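Written out below as structure tokens is the structure these notes cover.
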Amino acid sequence: MQRLALCAALLASGLAEASTLRCGSNLINEGDRAFEVEKKCGPPTHRDQVGYTLSGYDRREYSIEEWVYGPKNGMLNILTFEGNRLKRIETRRAN
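The following block contains the structure:
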């Protein structure tokens, strides 16, 4: 019941997260590499390097990039990559 309320609140706010995104007939998943996403979805509408992060295990620095696809049917898909691995898929309304 609480999960349903949380999902409804996220959708009402215009922001939702998912672990999978459909690009045409292809699916991309969290953990996919950047080149795999670009092969399946094509080049993003917008791409930004937004920062860096350190891994806790081996103390390596990884770049953080956001790729934006859309708007499509009034929605944007924002993909966050850390070190060329897809870490998060967000969907929000285009303003």
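Read in order, the letters of the sequence shown are residues -18 to -1, 1 to 77 in mature numbering (1 follows the signal peptide of the UniProt record, and there is no 0).
We put the CB at the ideal spot given by N, CA and C, even for glycine.
Small disclaimer: the values here were computed from a predicted structure and weren't measured.
Candidates the options: closest to residue i by CA position
i          : options                      : result
residue 79 : Gly52, Arg29 and Arg4        : No answer is possible for residue 79: the residues shown for the chain start at -18 and end at 77.
Tyr44      : Asn66, Arg75, Asn55 and Arg4 : Asn66
N-terminal and C-terminal residue of the alpha helix (DSSP H) that residue i is part of
i     : result
Glu20 : Ala16 to Cys23
Residue span of the beta strand (DSSP E) that contains residue i, given as start and end
i     : result
Gly56 : Unbroken run through Gly56: none, as it is neither H nor E.
Asn66 : First-last for Asn66: undefined, no H or E at that position.
Thr35 : His28 to Leu36
Arg4  : Thr2 to Cys5
Within 8 angstroms, strictly: CB atoms of residue i and residue j
i     : j     : result
Met57 : Thr35 : no
Leu3  : Ile71 : yes
Gly13 : Leu68 : yes
Bridge partners - residue i, DSSP secondary structure assignment
i     : result
Ala76 : DSSP, once it has assigned bridges, lists no residue as partnering Ala76.
(message) Three or more C-beta pairs under 8 angstroms: does that hold for the stretch 16 to 25 against the stretch 35 to 44?
(response) no
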